[in-house]
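The next block holds one structure in the form of structure tokens; read it before the comments.
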Amino acid sequence: MSMQNRVSEVVNPFSLARLNQLLQGIKRIAICCHARPDGDAIGSSLGLGNLLTTLGYEVLCVAPNRAPAHIAWPEGAKDLLYNFEEEGVDVKPFLASCDLLFCLDFNALSRLDEPMMLFVESLAVPRVMIDHHPHPASQFDLYFSMPESSSTCELLTELLLANWGQVAISQKVAIPLYMGLMTDTGSFSYSCSRKRTFEIAGILVEQGVDVPEVQAKVYNSRTLDSLMLQSALILQYTTFFAGKAGKEKAAIVQLSQPVQEQYQYQPGDAEGLANLPLCVGSVQVSVLLTERSNGTVRVSARSTKRYTINKLLAQFFNGGGHPQASGGTLRMPLHEAYEYTRRVLSQFLEKATQREEEVL
Ligand SMILES: [Mn+2]
Numbered sequence: 000m001s002m003q004n005r006v007s008e009v010v011n012p013f014s015l016a017r018l019n020q021l022l023q024g025i026k027r028i029a030i031c032c033h034a035r036p037d038g039d040a041i042g043s044s045l046g047l048g049n050l051l052t053t054l055g056y057e058v059l060c061v062a063p064n065r066a067p068a069h070i071a072w073p074e075g076a077k078d079l080l081y082n083f084e085e086e087g088v089d090v091k092p093f094l095a096s097c098d099l100l101f102c103l104d105f106n107a108l109s110r111l112d113e114p115m116m117l118f119v120e121s122l123a124v125p126r127v128m129i130d131h132h133p134h135p136a137s138q139f140d141l142y143f144s145m146p147e148s149s150s151t152c153e154l155l156t157e158l159l160l161a162n163w164g165q166v167a168i169s170q171k172v173a174i175p176l177y178m179g180l181m182t183d184t185g186s187f188s189y190s191c192s193r194k195r196t197f198e199i200a201g202i203l204v205e206q207g208v209d210v211p212e213v214q215a216k217v218y219n220s221r222t223l224d225s226l227m228l229q230s231a232l233i234l235q236y237t238t239f240f241a242g243k244a245g246k247e248k249a250a251i252v253q254l255s256q257p258v259q260e261q262y263q264y265q266p267g268d269a270e271g272l273a274n275l276p277l278c279v280g281s282v283q284v285s286v287l288l289t290e291r292s293n294g295t296v297r298v299s300a301r302s303t304k305r306y307t308i309n310k311l312l313a314q315f316f317n318g319g320g321h322p323q324a325s326g327g328t329l330r331m332p333l334h335e336a337y338e339y340t341r342r343v344l345s346q347f348l349e350k351a352t353q354r355e356e357e358v359l
């Protein structure tokens, strides 16, 4: 089977034809990603942004908030990347006059958060979604949706290969795409059980990615404060508990405003923190509660393969996401959010244990 055939199995040729129609004869393209952008959101934005710039388009990447430094270093971050929260005045005219809008790494406009969502919603420009979250909302004009893909960066690479071929993936396109693939799989430790994910990674490496360099720039560029914050959270602000019946445990990490101030917390400092308690063998579900200055609490949940948590987050935490990595929001003070989360998780673990006993 030829390469071309393989790729078209993944990326629908009719969607590709429609995309090329939309790209025909236009000048200005905006690329946006989800709020509190992660490596996949920024990597896919910059990868596509760098490619479209090379092709002669006028491109701007707009994230709802500022990207943390450990992911905002690839080429294009300085010239192409803006954030709506701090630079809304500068980017609104571009967004209002662009001919096409790419929506990367999110499946519903609500993921842009309110000010940017309301602005983007009001624009008449066609929206092209490229994303790996399940169940996209019907708010887009063209969909490239693939939940089995490890990351938006993996799916986007498929799309670039199918439409422009490997030669179009220059080093400055490949590096941010690799960064997103690497971060969304926890450096190839989860969401990457398909052979194709490694083939895509191999193609990106072939296009000039220095793997240890990307790894070091993302993970070994932390501040001393962020390491101390992580240590303090595990030591003082994490509760481990079991459901009534079983040995299976959950963990809740509380990141309050005073602790954020004490350690000069920057967005991104808590990256990976929700995952950390899962390194204990008995811990199956881990939740990070981050107190925000507006009085709400951000919920970041992770689980092992044995538990599916996106439905739980949708039902109890005004959120959703992937089966093992989901997020949500609680509108209550942190101490109430903690009590509430603890109740919900205890019940969740108990029910899960009961179900297992029924099966046995
Ligand atoms: Mn992603």
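Using numbering that gives the first Met the number 0, read the sequence shown as starting at 0 and increasing by one per residue.
A virtual CB, placed ideally from N, CA and C, is assigned to each residue, including glycine.
Bear in mind that the values here come from a model prediction, so they are computed numbers and not experimental data.
Beta carbon of residue i nearer than 8 angstroms to that of residue j
{"i": "Leu22", "j": "Leu99", "result": "yes"}
{"i": "Met128", "j": "Gly38", "result": "no"}
{"i": "Pro133", "j": "Pro146", "result": "yes"}
{"i": "Leu288", "j": "Val298", "result": "yes"}
{"i": "Leu45", "j": "Val58", "result": "no"}
{"i": "Cys102", "j": "Val61", "result": "no"}
{"i": "Thr196", "j": "Glu153", "result": "yes"}
{"i": "Ala231", "j": "Phe239", "result": "no"}
{"i": "Glu371", "j": "Val258", "result": "As shown, the chain starts at 0 and ends at 359. That puts residue 371 outside it, with no answer to give."}
{"i": "Tyr370", "j": "Val252", "result": "Given that the chain is displayed from residue 0 to residue 359, the structure contains no residue 370 and the question cannot be resolved."}
{"i": "Met115", "j": "Pro73", "result": "no"}
{"i": "Leu94", "j": "Leu54", "result": "no"}
Residue i versus residue j - alpha carbon distance
{"i": "Phe139", "j": "Val282", "result": "38 angstroms"}
{"i": "Leu155", "j": "Asp104", "result": "10 angstroms"}
{"i": "Ser169", "j": "Cys191", "result": "24 angstroms"}
{"i": "Leu203", "j": "Gln229", "result": "32 angstroms"}
{"i": "Ile360", "j": "Asp130", "result": "A question about residue 360 goes unanswered here, because the residues of the chain that appear run from 0 up to 359."}
{"i": "Arg17", "j": "Lys248", "result": "48 angstroms"}
{"i": "Ala200", "j": "Val119", "result": "32 angstroms"}
{"i": "Asn274", "j": "His33", "result": "20 angstroms"}
{"i": "Gly327", "j": "Ser109", "result": "12 angstroms"}
{"i": "Thr222", "j": "Leu272", "result": "15 angstroms"}
{"i": "Pro135", "j": "His321", "result": "12 angstroms"}
{"i": "Leu117", "j": "Lys246", "result": "46 angstroms"}
{"i": "Leu141", "j": "Gly75", "result": "25 angstroms"}
{"i": "Tyr264", "j": "Gln256", "result": "9 angstroms"}
{"i": "Glu86", "j": "Pro92", "result": "11 angstroms"}
{"i": "Ala68", "j": "Ser292", "result": "21 angstroms"}
{"i": "Lys350", "j": "Arg342", "result": "12 angstroms"}
{"i": "Lys360", "j": "Glu113", "result": "As displayed, the chain neither begins before 0 nor continues past 359, which places residue 360 out of reach and without an answer."}
{"i": "Leu234", "j": "Val284", "result": "18 angstroms"}
{"i": "Lys304", "j": "Val217", "result": "25 angstroms"}
{"i": "Tyr262", "j": "Gly185", "result": "25 angstroms"}
{"i": "Gln20", "j": "Tyr56", "result": "15 angstroms"}
{"i": "Glu290", "j": "Val166", "result": "46 angstroms"}
{"i": "Glu198", "j": "Met227", "result": "37 angstroms"}
{"i": "Gly164", "j": "Ile308", "result": "37 angstroms"}
{"i": "Asn111", "j": "Ser137", "result": "Sequence inspection shows Leu at residue 111; the Asn mentioned does not correspond to that position. The straight-line gap from Cα to Cα measures roughly 15 angstroms."}
{"i": "Val88", "j": "Asp268", "result": "27 angstroms"}
{"i": "Leu254", "j": "Asn219", "result": "22 angstroms"}
Residue of the options minimising C-alpha distance to residue i
{"i": "Tyr306", "options": "Phe316, Gln323 and Gly318", "result": "Gln323"}
{"i": "Lys26", "options": "Asn11, Leu51, Gly38 and Asp78", "result": "Leu51"}
{"i": "Tyr337", "options": "Cys32, Val286, Leu158 and Ala351", "result": "Val286"}
{"i": "Glu84", "options": "Ser220, Gly294 and Arg35", "result": "Arg35"}
{"i": "Gly294", "options": "Gly319, Ile251 and Leu329", "result": "Leu329"}
{"i": "Glu270", "options": "Leu344, Gln346 and Asp183", "result": "Asp183"}
{"i": "Ser149", "options": "Arg291, Tyr189 and Val343", "result": "Tyr189"}
{"i": "Gln314", "options": "His334, Thr340 and Met331", "result": "Thr340"}
{"i": "Ala266", "options": "Pro276, Asn317 and Ser225", "result": "The displayed chain sequence assigns Pro, not Ala, to residue 266. The residue with the shortest Cα to Cα distance from Pro266 is Ser225."}
{"i": "Leu160", "options": "Arg342, Ser302, Phe316 and Leu47", "result": "Leu47"}
{"i": "Asn162", "options": "Leu15, Glu335, Glu349 and Gly318", "result": "Leu15"}
{"i": "Phe143", "options": "Ser186, Phe13 and Met181", "result": "Phe13"}
{"i": "Gly318", "options": "Asn106, Met227 and Leu277", "result": "Asn106"}
{"i": "Pro276", "options": "Ala300, Tyr262, Val217 and Met227", "result": "Ala300"}
{"i": "Phe187", "options": "Ala167, Gln165 and Val210", "result": "Val210"}
{"i": "Lys171", "options": "Val208, Met181 and Met331", "result": "Val208"}
{"i": "Met181", "options": "Ala215, Ala167, Asp268 and Leu111", "result": "Ala215"}
CB-CB length for residue i against residue j, believed under 8 angstroms
{"i": "Cys97", "j": "Ala29", "result": "4 angstroms"}
{"i": "Arg65", "j": "Asn82", "result": "5 angstroms"}
{"i": "Leu311", "j": "Phe347", "result": "6 angstroms"}
{"i": "Leu344", "j": "Val296", "result": "Going by Cβ atoms, the distance from Leu344 to Val296 rounds to 15 angstroms, so no, they are not a contact pair."}
{"i": "Ala173", "j": "Gln206", "result": "4 angstroms"}
{"i": "Thr151", "j": "Ser43", "result": "4 angstroms"}
Any non-hydrogen atom of ligand 2 closer than 7 angstroms to residue i Cβ
{"i": "His131", "result": "Judged by which ligands are present, ligand 2 is missing from the structure shown, whose ligands are ligand 1."}
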